[in-house]
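Read the structure below first, then the notes.
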Amino acid sequence: MRAEDSEILYAAIAGIGLLVVVLLIWLAVVSRKLSRLTRQYRAMIGSTGVADLETVISSLQQRTADAVREIERLTGGLSRLEETVRQSAGRIGIVRYNAFAGQGSDLSFAVAIVNEERSGVVLSGIHSREETYVYAKPVKGGESTYPLTPEERQAIEQAGLQPAAAAASRHGRR
Numbered sequence: 001m002r003a004e005d006s007e008i009l010y011a012a013i014a015g016i017g018l019l020v021v022v023l024l025i026w027l028a029v030v031s032r033k034l035s036r037l038t039r040q041y042r043a044m045i046g047s048t049g050v051a052d053l054e055t056v057i058s059s060l061q062q063r064t065a066d067a068v069r070e071i072e073r074l075t076g077g078l079s080r081l082e083e084t085v086r087q088s089a090g091r092i093g094i095v096r097y098n099a100f101a102g103q104g105s106d107l108s109f110a111v112a113i114v115n116e117e118r119s120g121v122v123l124s125g126i127h128s129r130e131e132t133y134v135y136a137k138p139v140k141g142g143e144s145t146y147p148l149t150p151e152e153r154q155a156i157e158q159a160g161l162q163p164a165a166a167a168a169s170r171h172g173r174r
């Protein structure tokens, strides 16, 4: 073998050796990335008890669709509940007054219990020395089919101006 051939052979072996070293480094890098991806995949799939990603994604899509349907159902229920609260007669106005000047004190009263649209009932108690009379009048839109006294109108106005919770707490219902 000639010296030139032997130099070419050594150069080829050195080149192949260098290529093997580069490939081993590349293999180590790729192996590390694959190991990291495998850990992430197992972390994502591990708690589901399912072996493949398609099943997990399909399950997540189904759960999302179920959640959307439940949110729509709850939204409808909330709308009905809001309407019920709006129609509830929970606003209260109280006016105390002296029905007969010169006799007693503010023992007569007008109590209005109305909803957001100022519909409900107004109760009036007229107190004298001998007896007390109590009257109830239906209220719709702040008016009644029966004549309203100024005190009854004032109680209706007072009840209509406040939220139901504020009226209840102000009158001792907590």
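Sequence positions in the sequence shown follow the UniProt record's numbering and run 1 to 174.
The C-beta atom is built at its ideal place from N, Cα and C for all residues, glycine as well.
The alpha helix (DSSP H) spanning Gly77 covers which residue range? 53 to 87
Report the CB separation of Ile94 from Phe109 in whole angstroms; it is logged as a contact under 8 Å. 6 Å
How many Å lie between Pro138 and Leu74 at the Cα? 34 Å
Is it buried or exposed, Glu152, if we count other Cβ atoms within 10 angstroms and call 16 or more buried? buried
When the Cα atoms are used, what is the spatial distance from Leu34 to Tyr10? 35 Å
Alpha carbon to alpha carbon, how far is Arg69 from Leu81? Give it in angstroms, no decimals. 18 Å
Rounded separation between Leu107 and Ser144 - CA only: 24 Å
Taking the continuous beta strand (DSSP E) assigned at Arg91, which residues delimit it? 91 to 97
May I ask which residues mark the beginning and end of the beta strand (DSSP E) holding Pro138? 132 to 139
Alpha-carbon spacing of Ala165 relative to Lys140, whole angstroms: Reliability fails at Ala165, whose pLDDT of 47 lies under 50, so the model's placement of it is uncertain and no value is given.
I need the straight-line Cα distance from Gly15 to Arg32, nearest angstrom please. 26 Å
Measuring alpha carbon to alpha carbon, tell me which residue in Val114, Ala99, Asp52, Val20 is nearest Val134. Ala99
Just the Cα atoms here: how many angstroms apart are Gly160 and Val111? 12 Å
What is the rounded straight-line gap between the Cα of Leu53 and the Cα of Ile45? 7 Å
Any idea if Val114 is buried or exposed, counting beta-carbon neighbours within 10 angstroms, 16 or more meaning buried? buried
Can you tell me which of the three DSSP states Gly120 falls into? strand
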